[in-house]
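K.L.:
With our numbering, letter number 196 in the sequence shown gets 271, and the count goes up by one each step, no holes.
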Amino acid sequence: MLKNCQLCPRACGADRTKSRGACGAGIEIEAARASLHMWEEPPISGTNGSGTVFFSHCSLGCVFCQNRKISRREAEGQNITADALAKTFLSLEKKGAHNINLVTGAHYVPQIIETLQIARKQGLSLPVVYNSSGYEQVETLQLLDGHIDIYLPDYKYYSSYYAGLYSHAEDYREFAVPAIDEMVRQTGAPQFDKNGLLKRGTVIRHLMLPGLAGDTAQVLRDIASRWGDSVLVSLMR
Ligand code: SF4
Numbered sequence: 076m077l078k079n080c081q082l083c084p085r086a087c088g089a090d091r092t093k094s095r096g097a098c099g100a101g102i103e104i105e106a107a108r109a110s111l112h113m114w115e116e117p118p119i120s121g122t123n124g125s126g127t128v129f130f131s132h133c134s135l136g137c138v139f140c141q142n143r144k145i146s147r148r149e150a151e152g153q154n155i156t157a158d159a160l161a162k163t164f165l166s167l168e169k170k171g172a173h174n175i176n177l178v179t180g181a182h183y184v185p186q187i188i189e190t191l192q193i194a195r196k197q198g199l200s201l202p203v204v205y206n207s208s209g210y211e212q213v214e215t216l217q218l219l220d221g222h223i224d225i226y227l228p229d230y231k232y233y234s235s236y237y238a239g240l241y242s243h244a245e246d247y248r249e250f251a252v253p254a255i256d257e258m259v260r261q262t263g264a265p266q267f268d269k270n271g272l273l274k275r276g277t278v279i280r281h282l283m284l285p286g287l288a289g290d291t292a293q294v295l296r297d298i299a300s301r302w303g304d305s306v307l308v309s310l311m312r
């Protein structure tokens, strides 16, 4: 798959065994940080934190990215093998993480699946969260079916104009809507444990951008009409 990479909607066709793709990812997994993270939505961070791994690079590249240092093509990060990353997952579980939270990993999906298979064999028992910009290929998400318990996608824009202006992706919504359809198909409606932690489901995030309240309203109407009570919504201000 990495010889003619089509993992994300950019479909740049890079041979990642020889060079980096448009997103900046090569053949090795690169990650910038792995830690207990308290600042996700409350049913994900809980009291102990979410066992979060921030992958380097991103296929979207929003102008307002808060993780610019790790998301750009020339981003900072460290190469890590699937075996070592599986050990990281297990150590986060030992530290009390409520889940394993994979942040912006679309460009590493084949390696993530290999890592999860290793970690499960070694005893990983936590739910796995796939934290995404929403700019995803359905075929790539289908590879994750059975490996992911909670999807945490953004639904960033209704307007293709703003998607082009701020994320260089006029086709954002054309990919995000079927991607979220696939996520909801895989997880079903939200399920919580007795402590209010999310065990399974899809949480759609939307970041309100200054001056774009009209776009936010359209996104929220679209979420309500398409997915209704099958999803949770996190509105970030
Ligand atoms: S994930 Fe990266 S390398 Fe693969 S198609 Fe997208 S931009 Fe290209």
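Even glycine gets a Cβ: it sits at the ideal position worked out from N, Cα and C. In this text, all values refer to a predicted model and were calculated from it rather than measured experimentally.
State the start and end residues of the unbroken alpha helix (DSSP H) segment that holds L135.
P.N.:
Within the sequence shown, numbered from 1, the residue matching residue 135 stands at position 60. Note, L135: premise wrong, no alpha helix (DSSP H); not H, not E.
K.L.:
Just list the residues that DSSP pairs E105 with in beta bridges.
P.N.:
For the purposes of this step, residue 105 is taken as residue 30 along the sequence shown, with counting starting at 1. Bridge partners of E105: N154.
K.L.:
Our contact map puts Y232 next to D290 with C-beta atoms below 8 Å; I'd like the distance itself, whole angstroms only.
P.N.:
As a working mapping, residue 232 is identified with position 157 in the sequence shown. As a working mapping, residue 290 is identified with position 215 in the sequence shown. With 8 Å as the limit, Y232 and D290 qualify as a contact, their Cβ atoms being about 6 Å apart.
K.L.:
Taking the alpha-carbon of G303 as reference, which of A264, K269, A238, G121 has the nearest alpha-carbon?
P.N.:
Within the sequence shown, residue 303 is the residue found at index 228, counting from 1. Nearest of A264, K269, A238, G121 to G303, Cα basis: A264.
K.L.:
According to DSSP, which residues form a beta bridge with Y226?
P.N.:
Stepping through the sequence shown from its first residue, residue 226 is reached at position 151. Y205, T277, per the DSSP bridge assignment.
K.L.:
Can we count G96 as close to the ligand SF4, meaning its CB is less than 7 Å from some heavy atom?
P.N.:
Numbered from 1 along the sequence shown, position 21 holds the residue referred to as residue 96. Yes.
K.L.:
State the DSSP-derived secondary structure class of L191, mapped to helix, strand or coil.
P.N.:
In the sequence shown, counting from the first residue as 1, residue 191 sits at position 116. The answer is helix: DSSP assigns L191 an H, G or I state.
K.L.:
When you measure from the CB of Q81 to every non-hydrogen atom of the ligand NAP, does any distance come out below 7 Å?
P.N.:
The model on display carries the ligand SF4 but not the ligand NAP.
K.L.:
From V308 to L295, what distance separates their C-alpha atoms?
P.N.:
Stepping through the sequence shown from its first residue, residue 308 is reached at position 233. Stepping through the sequence shown from its first residue, residue 295 is reached at position 220. For V308 and L295, the distance between alpha carbons rounds to 9 Å.
K.L.:
Find the nearest neighbour of H173 within the set L160, D268, G239, V252, judged by alpha-carbon distance.
P.N.:
To locate residue 173, count along the sequence shown from 1; it is residue 98. If we check each option's Cα against that of H173, D268 comes out closest.
K.L.:
Using only the alpha-carbon positions, how far apart do L216 and E257 sit?
P.N.:
Taking the sequence shown and counting its residues from 1, the one referred to as residue 216 is at position 141. Taking the sequence shown and counting its residues from 1, the one referred to as residue 257 is at position 182. Going from the Cα of L216 to the Cα of E257 covers about 7 Å.
K.L.:
Hey, out of R275, S200, A181, whose CA is closest to V306's CA?
P.N.:
As a working note, residue 306 is residue 231 in the sequence shown. Residue R275 is the option with its Cα nearest to V306.
K.L.:
What's the gap between the Cα of A159 and the Cα of I187?
P.N.:
Taking the first residue of the sequence shown as position 1, residue 159 is located at position 84. Taking the first residue of the sequence shown as position 1, residue 187 is located at position 112. I187 has its alpha-carbon roughly 12 Å from the corresponding atom of A159.
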